[in-house]
Amino acid sequence: MQTMSDNIKSRKLLITGANRGIGKELLEQALRRDAAKVYAAVRDPQSVQPLIDGYGDRVQAIAMDMNVPSSIIDAASNAPDVDIVINNAGIMNTVAAYDENAVDALQEELNVNVFGLMRVAQAFAPALKTNGGGFFVQLNSVASIKASGNFATYCASKAASYSITQSLRDWMSQQGTRVISVHPGPTATDMGASAGFGQFATPVSEVAEAILDAINIEDFHAWVGPLAGLVSQHYETFSDGIINGDMAAIRSRAFNIEQPQPAS
Numbered sequence: 001m002q003t004m005s006d007n008i009k010s011r012k013l014l015i016t017g018a019n020r021g022i023g024k025e026l027l028e029q030a031l032r033r034d035a036a037k038v039y040a041a042v043r044d045p046q047s048v049q050p051l052i053d054g055y056g057d058r059v060q061a062i063a064m065d066m067n068v069p070s071s072i073i074d075a076a077s078n079a080p081d082v083d084i085v086i087n088n089a090g091i092m093n094t095v096a097a098y099d100e101n102a103v104d105a106l107q108e109e110l111n112v113n114v115f116g117l118m119r120v121a122q123a124f125a126p127a128l129k130t131n132g133g134g135f136f137v138q139l140n141s142v143a144s145i146k147a148s149g150n151f152a153t154y155c156a157s158k159a160a161s162y163s164i165t166q167s168l169r170d171w172m173s174q175q176g177t178r179v180i181s182v183h184p185g186p187t188a189t190d191m192g193a194s195a196g197f198g199q200f201a202t203p204v205s206e207v208a209e210a211i212l213d214a215i216n217i218e219d220f221h222a223w224v225g226p227l228a229g230l231v232s233q234h235y236e237t238f239s240d241g242i243i244n245g246d247m248a249a250i251r252s253r254a255f256n257i258e259q260p261q262p263a264s
């Protein structure tokens, strides 16, 4: 783990879902860390007005609906100077795989948690490249790694978003953008409360702090909270060898293929 200098100070961030929960806390903590500006990308820009009243022109509301591709494209055109994008917006249904509404629930979650992620990355990659590369931070989950019965469709959507995040890392690294996959455990948000996380939930302030800290550390994964920390201990060997490994080298080992050596 290599620590970098403070990458929040003087930066211009865009945070999806920044009007409540983790997103709102990220916005406020980023400003306390001397971020120059935070774009709050939300469905209802009026919901950000209390934050604008408190922080002035360092907060700018941008209309964005993860279900409406054109709104994501418009948001990117309205934030041309952004150099950190944090894709925090997501939805969670409490649905088991055998429930009658499981297919509909999964489709709803895929639209936001996966297709929304892809559209945000595609829309904002050009601005990040223009502004020096920057950072693209995706909020995944411990549910990306381990399924849970009553959250089957949510876990499936988060497993898919984690896979997409890995592909985004490979693509966006070519333009100098560092991609970070954040995996919180149960969190004390409205969504977490409705899911019954209760006493096991990590405070939002701790989750947001860990996410911003991850921008200052040279790691792809950020594990947040006690449950995520335990998962990471068991996942680390696989992660280091496979997730962070080079697929060409992995294939070579699997099929005993000798890799070409660089010319001397």
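Heads up, the sequence shown is in full-length UniProt numbering, so the first residue is 1 and it goes up one at a time. Glycine included, C-beta positions come from ideal geometry on N, C-alpha and C. Just so you know, these numbers come straight off a predicted model, no measurement behind them.
Length at least 3, wholly inside the stretch 34 to 106: the beta strand (DSSP E) runs in chain order: Along the length of the stretch 34 to 106, whole beta strand (DSSP E) runs at least 3 residues long occupy 37 to 42, 59 to 63 and 84 to 87, reported in chain order.
Anyone know if the C-beta pair for residue 329 and N93 falls short of 7 angstroms? Residue 329 lies beyond the range of the chain shown here (1 to 264); nothing can be said about it.
Start-to-end residues for the beta strand (DSSP E) that takes in P203: In this chain, P203 is not harboured by any beta strand (DSSP E), its DSSP state being neither H nor E.
Helix, strand or coil: how does DSSP classify N184 here? A small correction: the amino acid at residue 184 is Pro; Asn does not occupy that position in the sequence shown. Strand, per DSSP.
Mind checking which residues open and close the beta strand (DSSP E) that includes T16? It spans K12 to T16 - the beta strand (DSSP E) in which T16 sits, taken as one unbroken run.
What is the DSSP secondary structure of R119, reduced to helix, strand or coil? The three-state reading of DSSP puts R119 in helix, counting H, G and I together.
DSSP state of F124 mapped onto helix, strand, coil: F124 falls in the helix class under three-state DSSP.
Of the listed residues Y98, A248, I86 and G185, nearest to V137 (C-alpha basis): Here the closest residue by C-alpha is I86.
In three-state terms, what does DSSP make of A254? Under the three-state reduction of DSSP, A254 is assigned to helix.
Cα-Cα separation between D246 and V182, rounded to whole angstroms: Roughly 21 angstroms between the two C-alpha positions.
Tell me whether Q138 sits in a helix, a strand or coil according to DSSP, three-state version. Reduced to three states, the DSSP call for Q138 is strand.
In whole angstroms, give me the CA-to-CA distance for G133 and F255. Taking the straight line from one Cα to the other gives about 36 angstroms.
Quick one, which of I8, S10, A63 and K9 has its alpha-carbon nearest N19's? The candidate whose alpha carbon is nearest that of N19 is A63.
List the endpoints of the continuous beta strand (DSSP E) containing V224. V224 -> beta strand (DSSP E) spans H221 to V224.
Quick one, which of R11, P126 and S144 has its alpha-carbon nearest N113's? Considering only alpha carbons, the answer is S144.
Evaluate S148 with the Cβ neighbour count: other Cβ atoms within 10 Å of its Cβ, from every protein chain shown; 16 or more gives buried, anything less gives exposed. Flag for S148 reads exposed.
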